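Below you'll find the structure, written out as structure tokens, and then a few comments.
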Amino acid sequence: MQIGDDIIQYDTLIGADGVSSQLRRDITGKSQRANMYIGCISQTDLNKLEIRFWDKLKGFGGVISNNNFSMIGVGTGNGQTKVFSHAIEQLSNENNVDTRLKACSFAPTGNNIRLTLGDNIFLIGDAAGLASPLGSEGIYYAILSAKMLAENFNKTGYIHAMKKTRKHFRRERFYKKFVLNSFIRNRVFGLYRRQILKKTVDRFARSLLQKDLSK
Ligand SMILES: Cc1cc2nc3c(=O)[nH]c(=O)nc-3n(C[C@H](O)[C@H](O)[C@H](O)COP(=O)(O)OP(=O)(O)OC[C@H]3O[C@@H](n4cnc5c(N)ncnc54)[C@H](O)[C@@H]3O)c2cc1C
Numbered sequence: 001m002q003i004g005d006d007i008i009q010y011d012t013l014i015g016a017d018g019v020s021s022q023l024r025r026d027i028t029g030k031s032q033r034a035n036m037y038i039g040c041i042s043q044t045d046l047n048k049l050e051i052r053f054w055d056k057l058k059g060f061g062g063v064i065s066n067n068n069f070s071m072i073g074v075g076t077g078n079g080q081t082k083v084f085s086h087a088i089e090q091l092s093n094e095n096n097v098d099t100r101l102k103a104c105s106f107a108p109t110g111n112n113i114r115l116t117l118g119d120n121i122f123l124i125g126d127a128a129g130l131a132s133p134l135g136s137e138g139i140y141y142a143i144l145s146a147k148m149l150a151e152n153f154n155k156t157g158y159i160h161a162m163k164k165t166r167k168h169f170r171r172e173r174f175y176k177k178f179v180l181n182s183f184i185r186n187r188v189f190g191l192y193r194r195q196i197l198k199k200t201v202d203r204f205a206r207s208l209l210q211k212d213l214s215k
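Following my numbering, the numbering of the sequence shown begins with 1 at its first residue and continues without gaps.
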């Protein structure tokens, strides 16, 4: 097969080359959908843990502080460049973080899973699209898929071994679509912001605490 200018010969090919997998692109002719992240690090402890949603952004951002540094970041799907830039700009201005030091990366959405590209071409990890649709976590699934492929080194065996994971992803996609869609999410956070839900949540949290203390 030809990859770029190189002709390679193989018995078995395993694509473990991440979310922008060249192998996947060369064989299928297209890249998978990916979530885009931008993050900036500030060398000061902002003493904050904040999660922020924007009305038009299909994703979220926030601030996480550690002992001697803080990180601000925003993540979203493809095609939201304008609202995405606005979100990162707003967060960095509010927190005085220099966006010239930002880094951008991509993670799969858990929507375009391809475990094989033929009888003896396999994909694992991000190259296969194996990441949580809800949170984009993919480290566990990268290791799991490598293990499953090593133990079931044929097309049907590997697909069968990953059946449970795919079922789990289908459930996550359902939650993402119907439970966490922006309409419901904005209503719930709106109520929380307007103190209506906040009282109930605070009361519930206090009752849990009292229960613990009385033990
Ligand atoms: C900002 C961010 C935060 C994340 N946080 C988490 C988290 O908290 N928890 C979690 O579980 N997951 C997280 N993820 C996702 C996680 O990083 C990936 O799912 C995981 O690293 C996938 O592993 P992988 O081995 O499949 O791919 P990768 O880790 O991307 O490894 C692919 C490797 O292939 C190499 N490569 C690419 N092309 C070629 C080529 N043509 N030739 C040779 N080598 C090539 C790359 O250099 C790279 O080393 C995060 C992702 C991002 C972007």
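A virtual CB, placed ideally from N, CA and C, is assigned to each residue, including glycine. All of these numbers come straight from a predicted model, not from anything done at the bench.
Residue i Cβ short of 7 Å to ligand 1 heavy atom set
{"i": "residue 127", "result": "yes"}
{"i": "residue 92", "result": "no"}
{"i": "residue 50", "result": "no"}
{"i": "residue 142", "result": "yes"}
{"i": "residue 232", "result": "Nothing in the structure corresponds to residue 232, since the chain is present only between 1 and 215."}
{"i": "residue 22", "result": "yes"}
{"i": "residue 131", "result": "yes"}
{"i": "residue 26", "result": "no"}
{"i": "residue 19", "result": "yes"}
Which listed residue (the options) has its alpha carbon closest to that of residue i
{"i": "residue 234", "options": "200, 199, 188 and 203", "result": "Lying outside 1 to 215, the shown extent of the chain, residue 234 is not represented and no answer is given."}
{"i": "residue 133", "options": "153, 47, 202 and 170", "result": "170"}
{"i": "residue 98", "options": "40, 62 and 138", "result": "40"}
{"i": "residue 121", "options": "4, 13 and 5", "result": "13"}
{"i": "residue 162", "options": "50, 69 and 140", "result": "140"}
{"i": "residue 75", "options": "47, 101, 202 and 107", "result": "107"}
{"i": "residue 46", "options": "165, 154 and 95", "result": "95"}
Cβ neighbour criterion (16 or more within 10 Å) applied to residue i
{"i": "residue 84", "result": "buried"}
{"i": "residue 126", "result": "buried"}
{"i": "residue 67", "result": "exposed"}
{"i": "residue 2", "result": "exposed"}
{"i": "residue 37", "result": "buried"}
First through last residue of the alpha helix (DSSP H) which encompasses residue i
{"i": "residue 157", "result": "155–161"}
{"i": "residue 113", "result": "It is not in any alpha helix (DSSP H) - residue 113 carries neither H nor E in the DSSP assignment."}
Limits of the beta strand (DSSP E) - the one that residue i falls within
{"i": "residue 37", "result": "34–42"}
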